[in-house]
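Trainee: Here you go, one structure.
2 protein chains.
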Amino acid sequence: MKPDAVRGHLDGLILAVLEDGPRHGYAIIEALQTRSGGRLDLPTGTVYPALRRLERAALLSGTWSTVGGRERRTYTLTRSGRHALAGQRADWTEFSAVVDAVLRPSAGTT
Amino acid sequence: MKPDAVRGHLDGLILAVLEDGPRHGYAIIEALQTRSGGRLDLPTGTVYPALRRLERAALLSGTWSTVGGRERRTYTLTRSGRHALAGQRADWTEFSAVVDAVLRPSAGTT
DNA sequence: GATCTATACGTAGAGCATCTACATATAGTG
DNA sequence: CACTATATGTAGATGCTCTACGTATAGATC
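This is how it looks when you write it as structure tokens:
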């Protein structure tokens, strides 16, 4: 899968993963891999900046903790984040319907 | 619909419209509107550069003509273009399946 | 105790598709 | 003569994502 394809849809994917409960960055990347059947393998250089962006937008809140001597930043969906996720889902539904409609061979408009 | 969402998928949409037969830029934009039920309204500054890019990539071939005193550049799908369209459709199928899978609430993995 | 791998976070610089806004030209209408 | 629809195109800016790199701890292996 071309990595560029997620452009514009990454936020929704991250929010969706976080809906299950708080996770730290590394775990989010793994969850994305798992949920997509291994077809979505996003580099840290893509995900970490996105997380900071989402936190800055107040869709996530992050807290530091130390687990096994390692620093972790755990992200939790905020109320705004949940709201945004719903919006993203609606947007995706509409968008995918539009692309389906245009992409589908127009087999006779009769 | 956020305009940025088509990012990375525009090529496929244009190729799909051209599958019905040759069209010029203005008509392509109108066809995109029609096929999407008016939800896809792309500005000329997006479509014209894309057409030139696709032509440069040999997925389209363009020819000038004059209709009613106005210059038109009519684009036709090349053999490579048809091939690329098939690839874009496959990519889209996979991509939308992945996004669906990640976005869908994980209602119990039980 | 040195090295290697997995875990975990992050930044720097670049690319490139798309956006907004503008520029140009013809035909027809009022 | 001005305005709208048709028709094509460029200029500059934006901003997400990419590639590549940098840092650090824990545990296993040698």
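Residue numbers (numbering that gives the first Met the number 0), protein chains in the order written: chain A, 0 to 109; chain B, 0 to 109. We put the beta carbon where it would ideally sit given N, CA and C, even for glycine.
Could you give the residue range of the alpha helix (DSSP H) that holds A/THR73?
Mentor: From DSSP, A/THR73 is part of no alpha helix (DSSP H) but of the beta strand (DSSP E) over 69-76.
Trainee: Terminal residues of the continuous beta strand (DSSP E) containing A/GLY61?
Mentor: Looking at the DSSP string, the run of the beta strand (DSSP E) that includes A/GLY61 is 59-66.
Trainee: Rank B/ARG6, B/THR33, B/LYS1 and B/TYR25 by C-alpha distance to the C-alpha of A/VAL101 and give the top, closest one.
Mentor: B/THR33
Trainee: So which residues on chain B does A/SER95 lean against when the C-beta distance must stay under 7 Å?
Mentor: SER95
Trainee: For A/GLY7 versus B/ALA4, is the C-beta distance shorter than 8 Å?
Mentor: yes
Trainee: Look up A/ARG22 in the DSSP assignment and say whether it is helix, strand or coil.
Mentor: strand
Trainee: On the criterion of 16 or more Cβ atoms from any shown chain inside 10 Å, does A/THR108 qualify as buried, or is it exposed?
Mentor: Note that A/THR108 scores 49 on pLDDT, short of 50, meaning its location in the model is unreliable and no value can be drawn from it.
Trainee: Hey, would you say B/LEU58 sits closer than 8 Å to B/ALA83, going by beta carbons?
Mentor: yes
Trainee: Would DSSP call A/ARG38 helix, strand or coil?
Mentor: coil
Trainee: Look at the alpha carbon of A/VAL98 and the alpha carbon of B/ARG22, and state the distance between them as a whole number of angstroms.
Mentor: 19 Å
Trainee: Tell me whether B/VAL66 is buried or exposed, calling it buried when 16 or more other Cβ atoms sit within 10 Å of its Cβ.
Mentor: exposed
Trainee: Just to make sure I have the definition right: I need the residues of chain B whose C-beta is within less than 7 Å of the C-beta of A/HIS8. Which are they?
Mentor: VAL98
Trainee: By alpha-carbon positions, which one of A/SER60, A/ALA56 and A/TYR47 ends up nearest to A/ILE28?
Mentor: A/TYR47
Trainee: B/LEU50 and B/GLY24: beta carbons closer than 8 Å?
Mentor: yes
Trainee: My understanding is that B/ARG72 touches B/GLY61, with C-beta atoms under 8 Å, so please give their C-beta distance in whole angstroms.
Mentor: 5 Å
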